[in-house]
Every structure is written in C-alpha cells, then in structure tokens.
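Here's the structure we're looking at; comments come further down.
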Amino acid sequence: MVHTALKAFIHLSSLILPLALTTALSTPSCRFANQWTSEHILSSSQAFEDALLFWEGKFHQHNVSYNAINGMTFDGTLLDIATGTHRVEGLHTFSAASKESSHLMMLAHAIEGKPGAVRWVLSGEGEHNVVDVDKAQKVAAGVLQRKWESYSQFNETFPGFGGFLPWFAHTEFNPLTPTWDWNNRVPALDNGENIWAIYATIEALKNTGNKDYVALGSKWEGYLNYLKSTAEKIFYRGSGRICAVTSIHDQTLPIDHPEQTYTCEGLDSGGNPFINDPYEGQGFMFFLYLFGNLDQTEKAALLELKRPQLVSADWSMPGYQNVTVQKGFWFSSHENWGWMQLPYIDIPFMKDLYTNMERARTCDSQAKKLPGMFASINNSTDQNGEIIGYISNAGIPQIANQTVQELDVITPYSTMNTMMVNKTVGFLWWHNMATAKRMQNLYGSSESTRIDGTATSAFVSWDSKITTVNGILGGVLSLVRSGMQRDGIYDEFIKVVNDEYRLVFDESLGDTSQDFCLPDVKVGDLGLADFTTCS
Ligand SMILES: *[C@@H]1O[C@H](CO)[C@@H](O)[C@H](O)[C@H]1NC(C)=O
Ligand SMILES: *[C@@H]1O[C@H](CO)[C@@H](O)[C@H](O)[C@H]1NC(C)=O
Ligand SMILES: *[C@@H]1O[C@H](CO)[C@@H](O)[C@H](O)[C@H]1NC(C)=O
Ligand SMILES: *[C@@H]1O[C@H](CO)[C@@H](O)[C@H](O)[C@H]1NC(C)=O
Ligand SMILES: *[C@@H]1O[C@H](CO)[C@@H](O)[C@H](O)[C@H]1NC(C)=O
Ligand SMILES: *[C@@H]1O[C@H](CO)[C@@H](O)[C@H](O)[C@H]1NC(C)=O
Ligand SMILES: *[C@@H]1O[C@H](CO)[C@@H](O)[C@H](O)[C@H]1NC(C)=O
C-alpha cells in the first residue's frame, strides 16, 4: 500500500527538472523549494536536506535569532513585509527556556560534528565552505561559553530562580532580566525542555575528548547539578504535584533566605496550577523523577498524576485504515517536543506509537484536502507587518482533548515529528508549504500561511523553524541515551515509560496497515507577492 500511494503521487507530480540538480550542487537559491519537484525530492532527498539546512542556518545570525554578544536566544524577528529582511525594531528582544532548548540542541549537534548541524552553523556565519567540522565546533563552543556566562550571571543577579529561566529580556548592551510580566515567576514546562537540551550538550562536549570542550562540558555540568539541587524546592509541592508556574516571593533573594517562598501560581483561582500533562510537561517530570532525590512514594505519585491524561484514541477516516495514537491536547506537533529529547522510541511499541501519530497527522490532512498540517502557531501579520494573534488551538480535533479548534493556518514546523520518523515524507509536506507564496525568506521558511493563500506571517521564530531542523537531525536522543547510560538511569527510564504506556496501549498498535500520506493539493495562489530579497 505504501507503493501505490507513492506511485500515484509520482505520477501526478511534474517532470524532473535538471535545473534542480545543478542548483542543489552549488549554493542553493533562496527560494530553492520552487525548483524541486516531489519526484526529485524522493530521488535526491539528501540534496534537498542540504539546501533546507543551508537556508535555515541563515536564521542563526546576530539580531535575528540570537545575541552574538552574550550567546542567548532572541525569540524571533519580524520581517519587512515587502523585502523580507529582518526589521531591527521588529526584533523580539526577549526569549524563554524553550527557545534556549532548541538553540542548545543545535549547538550540541554541531559539537558532535553532525554534517547537517555543521552546515546550519557555518551558513549562519556566512561561510561558503559549510563542511568544516572544526570550525563549526569552534563557533558552537564559543556560543556555549558565552551562554554559560550569561546563565551564571543571571543566577547571580536573580538567585531566587535557582538557576531556572523565566521569559527574559536582553540586548547587546543590557544583561538578562525577567521580562516585565515574568518578574518573580518561573515556568516548569519550558525549563524541562531546556534541561534535556543542556543534558545533551554536556554529553556532546564530553564525548569530543578535546580538553577545552570537555572543560566547557564540566561548567555546564556544574550548572545542571545546581538545577538538580534546586528543582524540588522551587517546583515540587509533594504528592506528584509540580507547579506549572511558580510564584517567587523575591527573585533577588537566595533560595534559602528566610524570607524566600515558592508557591504554585493560581492555587486560589480554581484553575489547575499543576503540570499534569503527559505531553511536553513530561520533560520536567522525568528530570525530577530521575534526579530530584525523591523517595519511592513521591516518585510513584509523579507518575500517577499524569495517568488520567494518558489516553489512547483511534484516528479514523473513510477510505483509510484506523490508526491508534496517544490522544493529544490539541494534537499540535509542538506537544511531542519531548520525543526528540528523551529516548522513548528505544522501546519498539513506543516507536510504533510515535510513527502512528505521524500516519494520522499526514493522512488527516490528505483526507481533508489540506496543503499542510497543523500546530500551535502565530497567525498572519497585518498590513503593518504586526502579528495579529496566536493560534494555540490547532491540531486534529478527532484525536484531541480540546475539540474546539481554529484550523485556517498551516506551518512548516507541523512536520517536526514527521521528520523524526520518515524524513522523506516530512520533506514532501514541508516542501508543499514552503512553495506557497512568501513562505521562503532570507532566513529559511516563514512562520505560517493561511490555507486559502490570503495571508502569511512575515515573522521567523525558533519554534516554527528550528524544531523542524532538530527533527531532521534526529533530535538529541542518541546523546541523551548515552548520558543516561553513563548516569545509570537509562534502564529505569525505559522501565517507567514501558510500564506507564503499557497501562494504556497494546503492543499490537503498530499493526495498522495505514501508511503515511502525502499532500496532493497546494496553498491557493491569490497573487501575494514574494519577498523581494529572496529569489
Ligand atoms: C518513508 O515512507 C515512504 C512512504 O511510505 C516509504 O516508501 C519509505 O520507505 C520510508 N522510508 C523510510 C526510511 O522508512
Ligand atoms: C541589534 O538590534 C538592536 C535593537 O534591538 C539595535 O539597537 C542594534 O543596533 C542592532 N545591532 C546591530 C549590529 O544591528
Ligand atoms: C547560583 O547562585 C547561587 C546563589 O548565589 C550560588 O550559590 C550557586 O552556586 C550559583 N549556581 C551556579 C550554577 O552558578
Ligand atoms: C475504525 O474506527 C471507527 C471509529 O472509531 C470504528 O467505527 C470502526 O469500527 C473501526 N474500524 C476497524 C476496522 O477497527
Ligand atoms: C487569525 O487571523 C484570521 C484572519 O485575520 C482571523 O479571522 C482569526 O480570528 C485570527 N485568529 C487568531 C487567534 O488570531
Ligand atoms: C479532556 O481531559 C479532561 C481531564 O482529563 C477530561 O475530563 C475530559 O473528558 C477530556 N475530554 C476529551 C474530549 O477527551
Ligand atoms: C509565536 O510567537 C511567540 C511570541 O513571539 C513565540 O514565542 C513563539 O515561539 C511563536 N510560536 C510558534 C509556534 O512559532
């Protein structure tokens, strides 16, 4: 059945253009996606990947995605709506631990010498030779050193955070401070994502065997050890309860100061102040579980709190085979962030489950005749180039807990998990979105496009772009796996995941005969003008 679908697809797609091949071998052009056909991607997926990583690497520049002075991420930047160049006054001079997570994963890949990450880093540096591993390692290590200094300085100035990061603001000349709305507050979920990226970075640095890089790894290890020592006090309230956001009495007081206090935000407001999700919130939970020095009763309670939300769901659609998945919150791609960090898929049925989720994601869009897939995403920009809103509730209602969704905007990063399970299929969906008007710019792919082609977002961000790149690079599973083995916690991790998921899922869930599905419609072309600097 694989082959029938693919053959039909190849049949429908147009001729191979020799142009695409020649372009792929030299520097790819900015709007390279338009020069590729689906058939050509199938036959030369490595060259397509090279072009994609080359352009996504242009995002990694000073004042676009990060601050080269202090090594810290910026959230993203608005683009000039006509030219597509980054707007200096449209730079988001703030960021959060989740963006740090993406950045650290990329730097870890570069330290490992993965060719795709080497290309990404060196392209950002403006290099033409994008295969020099030593040079890429040197660049990555420089950023990691400055980043470590920034984290340490922040911890010194605001010891109340215990080393964790709130949303923070900074510029070339101003050190990190909490953003105005994150004074005395800190979120667990984003920090959980960042912790496993730090963990992978330490492993990558240590594995180099290079004296300087190993020493830098030890600095980061010292930082991580500090987080292990403060995590419980700041976030854990006993009986399995992790604060979603912790309210700090005074961020400038040390954690053990007599006047310092930590409470879960929203305890009195009737909402849920605890992280009970079995999606992205698992990263922090596993950190606490494996490193928090909790006793067996508390560890069991941590797992128990997540159980009610871990639910099996069947995706079904006339003309397709049923596919068993883990029910999502919205079933946004973003929810599966942790699958590119923790080695869940070392367990065969977990790999089937992960694969099934991408079968459902790709087939749902194909069945609904959509040109792309859904994930929580920033809406289009208006005529002044300002973002008009954030669409959290985007995914697949049929297999989601939250069934009221806004399904009018698609984003290339909806493929981040598809890339992990089958890169070619991921590329074909990414390509189908990137070929829409205004969806490529000087920094790679753009944030999002309306399905009907009436508007796009002149914005670039870590979440909408580098998640996908990390997926293409296979996530940091291999680094986290070897780190866990070195720390002697790998078997425990595998056992816990196996036990918890087996309470809900049957080993036969991989028996579906439904293959991935490919796109067969395009975003409407209503004459929107492409960015003038990207051709
Ligand atoms: C990816 O999926 C396609 C379509 O199902 C299949 O032909 C191909 O063998 C898969 N590739 C890998 C590496 O699994
Ligand atoms: C970086 O962006 C800031 C605005 O956030 C601006 O003041 C500064 O001049 C920019 N630096 C460079 C080198 O463009
Ligand atoms: C963070 O700051 C505290 C309080 O000054 C200090 O004790 C601790 O060593 C610092 N940790 C790191 C990793 O810099
Ligand atoms: C597929 O799922 C639908 C809806 O849940 C159900 O009605 C149908 O019986 C299932 N088909 C198979 C073959 O299991
Ligand atoms: C997104 O933009 C569309 C078009 O302007 C609008 O209808 C919709 O309400 C917006 N949604 C959000 C959440 O901003
Ligand atoms: C969503 O999750 C809540 C809390 O577990 C549950 O009570 C509710 O039934 C779920 N709704 C759906 C549609 O799955
Ligand atoms: C949307 O914008 C916010 C704020 O700029 C940013 O933090 C986030 O990463 C963006 N989300 C996605 C999915 O691109």
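When you line the sequence shown up against mature numbering (1 follows the signal peptide of the UniProt record, and there is no 0), it's residues -24 to -1, 1 to 511, in that order.
Built from N, CA and C at the ideal position, the CB exists for glycine as well.
Distance cut-off 8 Å: residue i Cβ against heavy atoms of ligand 1
| i | result |
| --- | --- |
| Asp491 | yes |
| Thr488 | no |
| Asn400 | Contrary to the premise, residue 400 reads as Thr rather than Asn in this sequence. At least one heavy atom of ligand 1 is nearer than 8 Å to the Cβ of Thr400, so yes. |
Coil, strand or helix - residue i by DSSP
| i | result |
| --- | --- |
| Leu54 | strand |
| Ile87 | helix |
| Thr425 | strand |
| Trp481 | Checking the sequence, you will find Phe at residue 481 rather than Trp. In this structure, Phe481 counts as coil in the three-state DSSP scheme. |
| Arg335 | helix |
| His79 | helix |
| Asn39 | coil |
| Leu1 | With a pLDDT of only 49 at Leu1, under 50, the local geometry of the prediction cannot be trusted, and no value is derived from it. |
| Phe70 | strand |
| Arg7 | coil |
| Ser353 | A small correction: the amino acid at residue 353 is Ile; Ser does not occupy that position in the sequence shown. Looking at Ile353 - three-state DSSP - the assignment turns out to be strand. |
| Ser(-12) | With a pLDDT of 42 at Ser(-12), under the threshold of 50, the modelled position of this residue cannot be trusted; read the value that follows with caution. Three-state DSSP puts Ser(-12) in coil, outside helix and strand. |
| Gly363 | The sequence given here has Ile at residue 363, not Gly. Three-state result, Ile363: strand. |
| Glu101 | coil |
| residue 554 | The structure shown does not extend to residue 554, since the chain is modelled only from -24 to 511, so the question has no answer here. |
| Thr(-21) | Interpretation of Thr(-21) is limited by its pLDDT of 43, a score under 50 that renders its predicted location unreliable; the figure taken from the coordinates is listed afterwards. Note: Thr(-21) maps to helix in three-state DSSP. |
Closer than 8 Å: residue i CB and nearest ligand 4 heavy atom
| i | result |
| --- | --- |
| Gln302 | no |
| Ser77 | no |
| Gln129 | no |
| Asp475 | no |
| Asp428 | no |
| Gln342 | no |
With 16 other Cβ atoms within 10 Å as the buried cut-off, status of residue i
| i | result |
| --- | --- |
| Thr488 | buried |
| Asp271 | exposed |
| Lys471 | exposed |
| Gly314 | buried |
| His225 | exposed |
| Ile171 | buried |
| Asn354 | buried |
| Gly60 | buried |
| Val64 | exposed |
| Ile364 | exposed |
| His407 | buried |
| Ser41 | buried |
| Thr(-3) | Interpretation of Thr(-3) is limited by its pLDDT of 40, a score under 50 that renders its predicted location unreliable; no figure is taken from the coordinates. |
| Ala9 | buried |
| Lys345 | exposed |
| Ala(-1) | Note that Ala(-1) has pLDDT 40, beneath the 50 cutoff, so the model's placement of it is unreliable and the number below is only indicative. So Ala(-1) ends up on the buried side. |
| His(-22) | Summary for His(-22): the model assigns pLDDT 44, below 50, so the residue's position carries little reliability, and this model does not support an answer. |
| Asp366 | Checking the sequence shown, residue 366 turns out to be Tyr, not Asp. It counts as exposed. |
| Pro294 | exposed |
| Ala505 | exposed |
Ligand 6 heavy atom lying under 8 Å from the CB of residue i
| i | result |
| --- | --- |
| Val287 | yes |
| Asn369 | no |
| Pro284 | yes |
| Asn159 | no |
Residue i CB to nearest heavy atom of ligand 3 below 8 Å
| i | result |
| --- | --- |
| Gly102 | no |
| Tyr202 | yes |
| Glu235 | no |
Contact test: residue i Cβ vs ligand 7 heavy atom, cutoff 8 Å
| i | result |
| --- | --- |
| Gly420 | no |
Any non-hydrogen atom of ligand 2 closer than 8 Å to residue i Cβ
| i | result |
| --- | --- |
| residue 556 | Outside the displayed range of the chain (-24 to 511) lies residue 556, so it cannot be described from this structure. |
| Thr147 | yes |
| Asn39 | yes |
C-beta neighbour in chain B for residue i, strict 9 Å
| i | result |
| --- | --- |
| Val106 | Reference to chain B is not applicable here, since this structure consists of a single protein chain. |
Ligand 5 heavy atom lying under 8 Å from the CB of residue i
| i | result |
| --- | --- |
| Ala431 | yes |
Please give the ranges of any beta strand (DSSP E) in the segment 210 to 235, keeping only runs that are unbroken, at least 3 residues long and fully inside the region.
221 to 224
Please give me, in chain order, every unbroken run of the alpha helix (DSSP H) with length at least 4 that falls completely inside the segment 108 to 151.
At a cut-off of 4 residues, the continuous stretches assigned as alpha helix (DSSP H) that sit fully inside the segment 108 to 151 are 109 to 133.
At 4 residues or longer, and completely inside the segment 241 to 310: list those alpha helix (DSSP H) runs for me, N to C.
As summarised for the segment 241 to 310, the continuous alpha helix (DSSP H) elements at least 4 residues long and confined to that stretch are 258 to 267, 272 to 282, given in chain order.
Minimum length 3: unbroken beta strand (DSSP E) runs contained in the segment 365 to 452
435 to 437
Is the segment 185 to 193 in contact with the segment 234 to 247, if contact means three or more CB pairs nearer than 8 Å?
no
Count the CB pairs spanning the segment 172 to 181 and the segment 446 to 458 that are closer than 8 Å, and state whether there are at least three.
yes
Decide yes or no for the touch test of the segment 394 to 401 against the segment 92 to 102: beta carbon pairs closer than 8 Å, at least 3 of them.
no
Does the pairing of the segment 104 to 124 with the segment 461 to 475 give three or more beta-carbon distances under 8 Å?
no
Inside the segment 152 to 206 only - alpha helix (DSSP H) runs reaching at least 4 residues:
164 to 183
The segment 113 to 131 / the segment 5 to 15 touching (three or more Cβ pairs under 8 Å)
no
With a cut-off of 8 Å, do at least 3 Cβ pairs link the segment 140 to 151 to the segment 405 to 417?
Contact fails: fewer than three Cβ-Cβ distances are below 8 Å.
Mind the definition here: the segment 249 to 269 touches the segment 195 to 215 only if three or more C-beta pairs lie below 8 Å; say whether that holds.
As far as the Cβ criterion goes, the segment 249 to 269 touches the segment 195 to 215, which means the pair count is three or higher.
Determine, using beta-carbon pairs with one atom in the segment 306 to 321 and one in the segment 361 to 379, whether at least three such pairs fall under 8 Å.
Below 8 Å, enough C-beta pairs join the segment 306 to 321 and the segment 361 to 379 to call them touching: three or more.
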